[in-house]
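Heads up: the structure comes next, in structure tokens.
Protein chains in written order, with this note's numbering: chain A, 89 to 270; chain B, 1093 to 1213.
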């Protein structure tokens, strides 16, 4: 292979490597952000529903409470309705507690996104640092060697980043999770 | 006397929700911010159940379980994982480390209490 062809293949390898690694990581960033958005939207919907339901539960008892405060004796229906208030509100609070766990999941996703973006910045810094080693006076063999080194360094860095960022949150909804006793 | 549960999670909001749910059911709750803190608190006071997250700084849940199982006082104390992790591979690792159960987040407070009652009464 001529020197020109060797140089060309190294340049091609470097460019495709940067493109592949960059796209792969950015696709993961996109997926994590979409998942974060889904969880946030569902959390807001469900929490709004829970808070409104708590308000309705309390509000529905207000006439009976007003009558009691005015000195009237509760009817059997009012008695049962008031006695069931705690359980009804507790059910809505439990639903809210499940939805509130969006924070734990989204913070893990955002932390993963942040670390990936930081890793990509370091990835580009490596590219720049190796680029500085190639000066206008560099000969063809020096350039080929430099390109080989930077391709290798970037591949290692990208692999390290991928293995460091194992996905720990697969949930796309705020439904309560499985329980398994061993 | 109320049974004591050690809740280990690096998310303060999650710890609050676990403590809120368990205290409402009559349990005492000791909170720890990560695996290392959980191990320290477990050494200070023997609890009836450990409920731990997996992904935490300083020490993760699996390492905490292995460390606890190395302590004579924790050889038989039930340990449950409460984590976003749901893969069979991670569950198998938890089981091998000595966990007695696996709960996937988000948890439903009523379901959590049912499981805790089943395990420690």
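Even glycine gets a Cβ: it sits at the ideal position worked out from N, Cα and C.
Remember, it's a predicted structure, so these values are computed and weren't measured experimentally.
Chain-ordered neighbours of residue i on chain B, where CB pairs are closer than 8 Å
{"i": "residue 186 of chain A", "result": "1198, 1199, 1200 and 1201"}
{"i": "residue 196 of chain A", "result": "1147 and 1176"}
Partners in chain A for residue i, counting only beta-carbon separations shorter than 8 Å
{"i": "residue 1193 of chain B", "result": "267, 268, 269 and 270"}
{"i": "residue 1109 of chain B", "result": "185, 188 and 189"}
{"i": "residue 1144 of chain B", "result": "Chain A residues near residue 1144 of chain B: none, gap ~14 Å exceeds 8 Å."}
{"i": "residue 1207 of chain B", "result": "267 and 269"}
For residue i, the three-state DSSP class (helix, strand or coil)
{"i": "residue 1120 of chain B", "result": "strand"}
{"i": "residue 1171 of chain B", "result": "strand"}
{"i": "residue 164 of chain A", "result": "helix"}
{"i": "residue 1209 of chain B", "result": "helix"}
{"i": "residue 260 of chain A", "result": "coil"}
{"i": "residue 111 of chain A", "result": "helix"}
{"i": "residue 222 of chain A", "result": "coil"}
{"i": "residue 1164 of chain B", "result": "helix"}
Beta carbon of residue i nearer than 8 Å to that of residue j
{"i": "residue 1102 of chain B", "j": "residue 1145 of chain B", "result": "yes"}
{"i": "residue 182 of chain A", "j": "residue 1202 of chain B", "result": "yes"}
{"i": "residue 187 of chain A", "j": "residue 1200 of chain B", "result": "no"}
{"i": "residue 1173 of chain B", "j": "residue 1191 of chain B", "result": "yes"}
{"i": "residue 1156 of chain B", "j": "residue 1193 of chain B", "result": "no"}
{"i": "residue 1211 of chain B", "j": "residue 1141 of chain B", "result": "yes"}
{"i": "residue 204 of chain A", "j": "residue 113 of chain A", "result": "yes"}
{"i": "residue 1100 of chain B", "j": "residue 1143 of chain B", "result": "yes"}
Cα-Cα separation between residue i and residue j, rounded to whole angstroms
{"i": "residue 122 of chain A", "j": "residue 1147 of chain B", "result": "22 Å"}
{"i": "residue 1206 of chain B", "j": "residue 1213 of chain B", "result": "9 Å"}
{"i": "residue 147 of chain A", "j": "residue 171 of chain A", "result": "15 Å"}
{"i": "residue 1169 of chain B", "j": "residue 1138 of chain B", "result": "9 Å"}
{"i": "residue 1165 of chain B", "j": "residue 1113 of chain B", "result": "26 Å"}
{"i": "residue 228 of chain A", "j": "residue 1184 of chain B", "result": "54 Å"}
{"i": "residue 175 of chain A", "j": "residue 117 of chain A", "result": "42 Å"}
{"i": "residue 1096 of chain B", "j": "residue 1124 of chain B", "result": "13 Å"}
{"i": "residue 246 of chain A", "j": "residue 1127 of chain B", "result": "29 Å"}
{"i": "residue 242 of chain A", "j": "residue 95 of chain A", "result": "18 Å"}
7 Å Cβ cut-off: residues of chain A touching residue i
{"i": "residue 1155 of chain B", "result": "Those do not exist, as residue 1155 of chain B stays about 15 Å from chain A at its closest Cβ, beyond 7 Å."}
{"i": "residue 1141 of chain B", "result": "Correct list: empty, because the minimum Cβ distance to chain A is about 12 Å."}
Bridge partner(s) assigned by DSSP for residue i
{"i": "residue 267 of chain A", "result": "B:1195"}
{"i": "residue 1141 of chain B", "result": "B:1097"}
Within chain A, the residues that residue i reaches when beta carbons sit closer than 9 Å
{"i": "residue 1123 of chain B", "result": "Per Cβ cutoff of 9 Å: no residues; residue 1123 of chain B is ~15 Å from chain A at best."}
{"i": "residue 1183 of chain B", "result": "268 and 270"}
Contact list for residue i against chain B, beta-carbon separation under 9 Å
{"i": "residue 258 of chain A", "result": "1176, 1177, 1178 and 1179"}
Under 7 Å by beta carbon: chain B residues contacting residue i
{"i": "residue 245 of chain A", "result": "Those within 7 Å of residue 245 of chain A in chain B number zero; the least Cβ separation is about 23 Å."}
{"i": "residue 123 of chain A", "result": "Simply none; closest approach about 12 Å."}
{"i": "residue 264 of chain A", "result": "1198, 1199, 1200 and 1203"}
Min CB distance residue i to chain D below 8 Å
{"i": "residue 138 of chain A", "result": "Absent from the structure is chain D; the protein chains it does hold are A and B."}
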